[in-house]
Amino acid sequence: MEVSPSASVPAGLPAGNPVTAALFHSDQGGHEQVLLCQDRPSGLKAVIALHSTALGPALGGTRFHAYAGSADPEQSAVLDALNLARGMSYKNALAGLDHGGGKAVIIGDPEQLKSEALLRAYGRFVASLGGRYVTACDVGTYVQDMDVVAQECRWTTGRSPENGGAGDSSVLTAFGVFQGMRASAQHLWGAPTLRGRLVGVAGVGKVGKHLVDHLLQDGARVVVTDVREESVRAVLAAHPGAPLTAAADTPTLLRTEGLDVYAPCALGGALDDETVAALSARIVCGAANNQLAHPGVEKDLADRGILYAPDYVVNAGGVIQVADEFNGFDFTRAKAKAAQILDTTTSIFERAAADGVPPAAAADRLAEQRMGL
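Residue numbers (the working numbering): 525 to 897.
Set out below in structure tokens:
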């Protein structure tokens, strides 16, 4: 079932529903197309959202998530896909890529539901869009999953090197976040380094663990937390003797004495009213998508003197990596492009200061200029 600008509202999504409100009536809407996918034999339920193809085919990852805490998981998945797809349009524009923004969500617990049949069914739905959407990995999906999807769909990136792909995109995602953090340090403290600073990383999964590597190599002190205890144990074990500790949870991490930088690297909505009020760090720069829980949080951060590096700017390294597959993947070339995130972040801070707006607003303006919005 498909929802597009020329389609009527499907049954079950009446006017006033949060989904249709977000799609057609929100100032942050403007999505070109939404595809609702179901394959009963495999148990697949998925949402593919295309926000914009103005700069080229929409590019964005596939999230596999259960939305278990939601009263309506399917509705939550659609709203999540819409928000993430819009973020990808802005991310790809500021990364200098010839791609628009899209995102997909497979609904369910990947540890219970994921199968070859489900991934292949999903690949057929992506293929049905005829190249308007190019997919890749995201939370809950991995390189080996993209290899399966690619058996049904040639518009698949983030595949394994053995299958002509770029491999794990979290490598350059973390590298790009580190470049954004260096730009933040330069802007606030006058030098592009985290040496001697205390950095809190919330979420040490695919991206966060690589970010910890960069920070320790740069001479930072690091405190980490994650909802998965095994992820914390793995990071601690990988760096014996390093200035690396663990916090019980995110609220505890936020209250860590002397915290200089907070890096949210898990799911979105990490920066809400409660979190901002508790923050003692001077910089927020992390890998999570859609960190601002609601409009106005960026101003609250600025009012408190906290420098926020817009998430979709600094976490663009992964999409830069997978986009390079279209040119015959070259890691050195992709890393050089991801290194430019430092300069892009710096230019956003300068634009924000000149315009008297928060960095998030300055980033939006620059992206919208490129997209012609």
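Using N, Cα and C, we set each Cβ at its ideal position, and we do this for glycine too.
Express the C-alpha separation of residue j and residue i in angstroms, rounding to a whole number.
i	j	result
alanine 770	glutamate 753	10 Å
leucine 902	leucine 831	Because the chain here runs from 525 to 897, residue 902 falls outside it and cannot be looked at.
valine 667	glutamate 635	15 Å
serine 530	aspartate 742	Caution is warranted here: a pLDDT of 28 is assigned to serine 530, below 50, making its placement in the model unreliable, and the coordinate value is therefore given only provisionally. Those two C-alpha atoms are separated by around 52 Å.
leucine 653	histidine 623	15 Å
leucine 608	glutamine 864	23 Å
glutamine 562	arginine 889	37 Å
valine 728	glycine 714	28 Å
alanine 817	arginine 719	30 Å
methionine 670	valine 759	26 Å
If I measure Cβ to Cβ from residue i and keep anything under 6 Å in the same chain, skipping five residues before and after, which residues do I get?
i	result
alanine 698	Val731, His734, Leu735
glycine 632	Ala590
Which two residues bound the contiguous alpha helix (DSSP H) that contains residue i?
i	result
proline 756	According to the sequence as given, residue 756 is valine; it is not proline. Here the alpha helix (DSSP H) through valine 756 covers 753 to 762.
valine 821	821 to 827
phenylalanine 702	694 to 713
glutamine 562	First-last for glutamine 562: 557 to 563, but that is the beta strand (DSSP E), not the alpha helix (DSSP H).
glycine 728	The sequence as given places valine at residue 728; glycine does not occur at that position. Run containing valine 728: none; DSSP gives neither H nor E here.
isoleucine 872	865 to 879
If I follow the unbroken beta strand (DSSP E) through residue i, where does it start and stop?
i	result
valine 667	Valine 667 -> not in any beta strand (DSSP E); alpha helix (DSSP H) instead, spanning 667 to 673.
leucine 603	It is not in any beta strand (DSSP E) - leucine 603 instead sits in the alpha helix (DSSP H) that spans 597 to 618.
alanine 628	624 to 631
glycine 654	No beta strand (DSSP E) holds glycine 654; DSSP gives it neither H nor E.
threonine 749	745 to 749
phenylalanine 588	582 to 589
Here's a check: name, in chain order, each residue in its chain whose Cβ is nearer than 8 Å to the Cβ of residue i, leaving out the five neighbours to either side.
i	result
glycine 724	Val746, Val747, Val748, Thr749, Ala771, Leu777, Leu778, Thr780, Leu783, Val785, Tyr786, Ala787, Ala805
serine 594	Ser600
valine 672	Glu640, Leu643, Arg644, Gly647
alanine 651	Glu676, Cys677, Arg678, Trp679
proline 542	Gln599, Leu603
Which same chain residues end up closer than 7 Å to residue i when comparing Cβ atoms and leaving out the 5 residues on each side of it in sequence?
i	result
leucine 696	Gly841, Gly842, Ile844, Gln845, Ala858, Lys859, Ala862
aspartate 848	Ala690, Asp854, Arg857, Ala858
threonine 868	Leu618, Val837
glycine 792	Ala812, Asn813, Asn814, Gln815
serine 613	His575, Ser576, Gly624, Gly625, Met895
alanine 826	Pro882
aspartate 662	Gly585, Thr586, Arg587
Quick check: the region 783 to 794 against the region 760 to 767, are there 3 or more CB pairs under 8 Å?
Output reads no: the region 760 to 767 does not touch the region 783 to 794.
Should the region 707 to 721 be regarded as contacting the region 675 to 688, the criterion being three or more beta carbon pairs within less than 8 Å?
Under the three-pair Cβ rule at 8 Å, the region 707 to 721 does not count as touching the region 675 to 688.
At 4 residues or longer, what runs of the alpha helix (DSSP H) sit wholly inside the region 777 to 820?
Segments of the alpha helix (DSSP H) lying fully in the region 777 to 820: 797 to 802.
So, do the region 808 to 824 and the region 870 to 884 have three or more beta carbon pairs nearer to each other than 8 Å?
Yes, since at least three Cβ pairs between the region 808 to 824 and the region 870 to 884 fall closer than 8 Å, the two stretches touch.
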